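Peer 1: In terms of UniProt numbering, the first sequence has 192 at position 192, counting the first letter as 1, and numbering is strictly consecutive. Note that the Cβ used here is the ideal one computed from N, Cα and C, for glycine as well. Values in this document were obtained by computation on a predicted structure and should not be read as measured data.
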Amino acid sequence: MPELPEVETMRRGVLDAAGRRVESVTVPPCACRPIAMSPSQRQLDRRMKGRRIDGIDRRGKRLVIVLDNQDRLVIEPRMTGILLVADPPDVDHLRLQMDLSGAGVNRLWFWDRRGLGTVTLYREDEYRTAIDQRLGVDALQISTEQLRQKLSSSRRCIKVALLDQSAVAGIGNLYAAEILFAAGVDPRTRCDRLTGPQWRRIHDQIGLILEDAIRHEGSTLSDGTYRNALNDPGGYQNCHRVYDRAGQACPRCRDGEIRRIVQAQRSTFFCPRCQRRSGLHSTLREDFHSHDRSASLR
DNA sequence: CATATGTCCTGAGAGC
DNA sequence: TGCTCTCAGGACATAT
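1. Determine the DSSP secondary structure at D16, reduced to helix, strand or coil.
2. Out of curiosity, what's the CA-to-CA distance linking R273 and Y175?
3. Judging by CA-CA distance, which residue of D164, G102, R259 is the nearest neighbour of F181?
4. Between the C-alpha atoms of H203 and W109, what's the straight-line distance to the nearest angstrom?
5. I'd like the span of the alpha helix (DSSP H) that includes A182, first residue to last.
6. Label R114 either buried or exposed according to how many other C-beta atoms from any shown protein chain fall within 10 Å of its C-beta, with 16 as the threshold for buried.
7. Using only the heavy atoms of the ligand PLP, determine whether one of them is closer than 7 Å to the beta carbon of C253.
8. In chain order, what residues of the same chain lie with their CB nearer than 6 Å to the CB of T26, ignoring the 5 residues before and after it?
9. Tell me whether N238 is buried or exposed, calling it buried when 16 or more other Cβ atoms sit within 10 Å of its Cβ.
10. Could you check where the beta strand (DSSP E) with M98 kicks off and where it finishes?
11. On the criterion of 16 or more Cβ atoms from any shown chain inside 10 Å, does R78 qualify as buried, or is it exposed?
12. According to DSSP, simplified to helix, strand and coil, what is E126?
13. What does a CB cutoff of less than 6 Å around R20 pick up in its chain, not counting 5 residues either side in sequence?
14. For a test of the three-state rule: what should DSSP assign to S294, helix, strand or coil?
15. Between which residues of its own chain and R11 is the CB-CB distance below 7 Å, once the five residues before and five after are set aside?
16. Only counting the same chain, and skipping five residues up and downstream in sequence, which positions put a Cβ closer than 7 Å to that of I214?
17. Can you check whether the CB of T189 is closer than 8 Å to the CB of R266?
18. Go ahead and label T120 buried or exposed: buried means 16 or more other beta carbons lie within 10 angstroms of its beta carbon, across all protein chains shown.
19. Around the C-beta of T129, are 16 or more other C-beta atoms found within 10 angstroms, so that it is buried, or is it exposed?
20. Would you mind giving the Cβ-Cβ distance between Q205 and A169, rounded to the nearest angstrom? I have them listed as a contact below 8 Å.
21. So what does R52 bridge to, in DSSP terms?
22. Are there 16 or more other CB atoms within 10 angstroms of the CB of V14, so buried, or fewer, so exposed?
23. From G218 to R123, what distance separates their C-alpha atoms?
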């Protein structure tokens, strides 16, 4: 389920494509129905052929390929989409192929088992209105004050609000759970009841957890779907402390059990002992956070 | 306006 | 063994 760390890993994995020219954009023969693509493959090919790739950016969970005429190809991996320069896990779910000029990395593939991903080519002004203005500040760029300003008047639970891409872009279900655990905040806390220190801890942990996950090249869950551009699994799944660990002992307090609840039709995992609604926290909790920080930087 | 719910999709795993 | 059912959660459309 690519979230910010996985998409950032994809971006880094295909950076070699920058500076090359697009030779063709095609849909490989595959058994699946086509993914949502706009405009059509024929139009994509026509508009991109011969263009130089000026940059490969990321905004939240979206990968943005910037062409020399300032058109932008936006790839949304959603649940199972990945970008590859190596051979794909199978050829049955290849959705798009981009052939590039030059030696070395001269082919990019978008592979997506479930096919919920999308590929869209925007002109510069379309990109501004459809992507730039609709998405919140990237989770790695947002300040504590910006985060607070966006969410502190909301009545939603903090876990649900963190998934709102128009507030802050890049956090999904998995990292929301890990961030709130590290921040010691109960995921059911309403945004408008969070204290200043809680907002600060949440903001700190957004940066620390996401950066740590990027260092580990993202999370490859038990279904093995997520891969980096070389088709290698990530490593951050071994660092998860609450996600998909219901019933296991809490890695911090050891006594409590990780609980699974459902919020907005999505699983939330947390430790009821370590994650409190109250803004007050004990000395023990401070120890937890300083320990947490050094662990994250390891 | 803010917030909540339904929908798409495929394959893994559970239960019988 | 093979069938049916449920679930995973990204983003958006529609409903409240």
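Peer 2: The relevant details are as follows:
1. helix
2. 19 Å
3. R259
4. 34 Å
5. 173-183
6. exposed
7. The ligand PLP is absent from the structure shown, which contains no ligand whatsoever.
8. Q97
9. Per the 10 Å Cβ criterion, exposed.
10. 94-100
11. Result: buried.
12. helix
13. I53, L100, S101, G102
14. In this prediction, S294 scores a pLDDT of 37, lower than 50, which makes its location untrustworthy; no coordinate-derived value is stated.
15. I56, R58, L63
16. Sequence-distant partners of I214 (beyond 5 residues in either direction) whose C-beta falls short of 7 Å from its own C-beta, in its chain, are P5, E8, T9.
17. No, these two residues do not count as a Cβ contact at 8 Å.
18. buried
19. exposed
20. That belief does not hold up - the Cβ atoms of Q205 and A169 are roughly 17 Å apart, past 8 Å.
21. R21
22. By the 10 Å Cβ count, V14 comes out buried.
23. 30 Å
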